[in-house]
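Novice: This is the structure I have questions about; it appears just below.
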Amino acid sequence: MIVSQKSNSEETNVENLALSWHIFRDFLAVSSYKSNDGGEIGFFTKQGGKSFFKSKKRQFTRGNQIIWHTKQPILLIGWDNGKLSLIDPIKGIEEDITGSDLTEICVLCWNSESEIAYVGDINGKIASFKIDPEDFSKSKFLNKTNFREEFPVSIVSKNVKIKPTSAQFSTRKLAKQEAFNDSDALLLSSLSETKKRAVSLYFYY
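When the count follows full-length UniProt numbering, it moves up by one through the sequence shown with no breaks and lands on 205 for the last residue.
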């Protein structure tokens, strides 16, 4: 297929930063940056040619990381200014997720079963977000941790069922987790590979 990018004499530079096919749908997302327009995301089909939808342009901002929802045609974008965005190219909806103080985003992971996204920046911060694919405005920041002098290069996520016992936790409050049902007793383990080593992060929800 051929993807077209319109250009003119005033545009001094066009960078294609990232591209990703949806695993099931016939959609290709392309993140690009034009020197006099800024960054944007274009959406194409396998027929190629012009995009059928484009995100709003963001001056002096690059969409370094993109990842699709595994089932729905929804794209998660990590920008180099630390912003996180969701786009549904079919409905023409685009919205930022606020609440974190990340810098340049360098890695994304999206667990579409639990709808938890993990986001890493170049300063070693890992943040988690709850994504609502039906109503983007309900998506929210959850928590974060910091690797200090290291930064993540990839993140993978897996769901593990756990039923803590009172022997594992000294406080009565944590011991009450024994009463959790299977859906509540979900441990999200995010394994982040840094430049020096692999580190397991555990987030309870």
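Every residue, glycine too, gets a C-beta built ideally from N, C-alpha and C.
1) Assuming Ile131 contacts Glu115 (C-beta within less than 8 Å), just tell me the rounded distance between them.
2) Would you identify the three-state DSSP class for Phe136, choosing helix, strand or coil?
3) Go ahead and label Gly120 buried or exposed: buried means 16 or more other beta carbons lie within 10 angstroms of its beta carbon, across all protein chains shown.
4) Below 6 Å CB to CB, which residues in the same chain sit around Asp135 once its five sequence neighbours on both sides are set aside?
5) Going along the chain, which residues of its own chain have a beta-carbon closer than 6 Å to the beta-carbon of Asn81, five neighbours each way excluded?
6) Can you tell me whether Arg58 is helix, strand or coil according to DSSP?
7) Out of curiosity, what's the CA-to-CA distance linking Gly63 and Pro133?
8) What are the boundary residues of the beta strand (DSSP E) that Ile66 is part of?
9) According to the neighbour-count rule (16 or more other Cβ atoms, all chains shown, within 10 Å of its Cβ), is Ile74 buried or exposed?
Specialist: Well, looking at it:
1) Taking the first residue of the sequence shown as position 1, residue 131 is located at position 131. Taking the first residue of the sequence shown as position 1, residue 115 is located at position 115. Going by Cβ atoms, the distance from Ile131 to Glu115 rounds to 5 Å, so yes, they are a contact pair.
2) Start at 1 with the first residue of the sequence shown, and residue 136 comes out as number 136. Three-state DSSP puts Phe136 in a helix.
3) One-based indexing of the sequence shown puts residue 120 at position 120. Its Cβ being crowded by 16 or more others within 10 Å, Gly120 is buried.
4) For the purposes of this step, residue 135 is taken as the residue at position 135 of the sequence shown. None.
5) Taking the first residue of the sequence shown as 1, we reach residue 81 at position 81. Non-local C-beta neighbours of Asn81 in its own chain, meaning closer than 6 Å and more than five positions away in sequence, comprise Thr61, ordered along the chain.
6) Position 58 of the sequence shown, counted from the first residue, corresponds to residue 58. Three-state DSSP puts Arg58 in a strand.
7) Taking the sequence shown and counting its residues from 1, one reaches residue 63 at position 63. Taking the sequence shown and counting its residues from 1, one reaches residue 133 at position 133. Gly63 and Pro133: Cα-Cα distance of roughly 20 Å.
8) The sequence position of residue 66 within the sequence shown is 66, counting from 1. Counted as a single uninterrupted DSSP element, the beta strand (DSSP E) harbouring Ile66 occupies residues Gly63 to Trp68.
9) Your numbering for residue 74 matches position 74 in the sequence shown. Result: buried.
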